[in-house]
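Numbering (the numbering used here), first residue to last: 7 to 166.
For glycine and all other residues, C-beta sits at the position ideal for the given N, C-alpha and C.
Note that the structure is a prediction, hence the values are computed from the model and not measured.
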Amino acid sequence: MVGAVAEDRRINRRQQGDLGELSAMEWLGTQGALVFAPVTHSPHYDLIADVDDRLLRVQVKTASFFHRERWEVSICTRGGNLSRSGTTSVFSPERCDLLFVLVADGRRWCIPAGEVDGRHAVRLGGPKYERFEIRRGTPFDVRNPPSTPPPAAFATRLPL
């Protein structure tokens, strides 16, 4: 699939984001973290994970656009009520500690914010972020076949 268009979506973007957050909660919980969600919406992080008495701010993103053998993931916020004045709020490692990504075919990554090179987008599925790929989760778009085989070894612990 080259990318989902509005008419072709099985779920809306809000549902897709909710599934991403649930996937992050599930994986973080299996790593021994206590997971909390902010009472109000935060423009910079979606979850808080308590790992060994350390609180980590987790930004969760989802993506369904697969192009040139990579998942293209927008990590900035454009428009809506989070950008305040209609401008783009770019990704910054000062605003969160972990970037958790779920893509349409179920592949997932948990990347330390300081390791993220992009401010607007990242491309996942290649060697650059391979060491942060974690066990595959549930796909949110069953029409999207697995993009590539998963790596031989997954990250089995939180990348702290």
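- Listed in chain order, the non-local C-beta contacts of VAL96 below 7 Å within the same chain comprise CYS82, ARG125 and HIS126, local neighbours out to five positions each way being set aside.
- In the structure shown, ARG84 falls within a strand segment according to DSSP collapsed to helix, strand and coil.
- Excluding residues up to 5 positions away in sequence, CYS82 and ARG84 lie with their Cβ nearer than 6 Å to the Cβ of THR94 in the same chain.
- Of ILE54, GLY23, ASN18 and GLU121, the smallest CA-CA separation from GLY35 is found for ILE54.
- Contact annotation: the region 15-28 touches the region 61-68, with at least three C-beta pairs closer than 8 Å.
- Annotation for ALA30: the continuous alpha helix (DSSP H) segment containing it runs 19-36.
- Within the same chain, and ignoring the five residues on either side of PHE106 in sequence, the residues whose Cβ sits closer than 6 Å to its Cβ are ALA30, VAL64, VAL66 and CYS116.
- Here GLU100 carries a coil assignment [DSSP, helix/strand/coil].
- With respect to the 9 Å criterion, PHE72 and VAL128 are not classified as neighbours on the basis of their beta carbons.
- In this structure, the CA atom of GLN37 is about 32 Å from the CA atom of ARG74.
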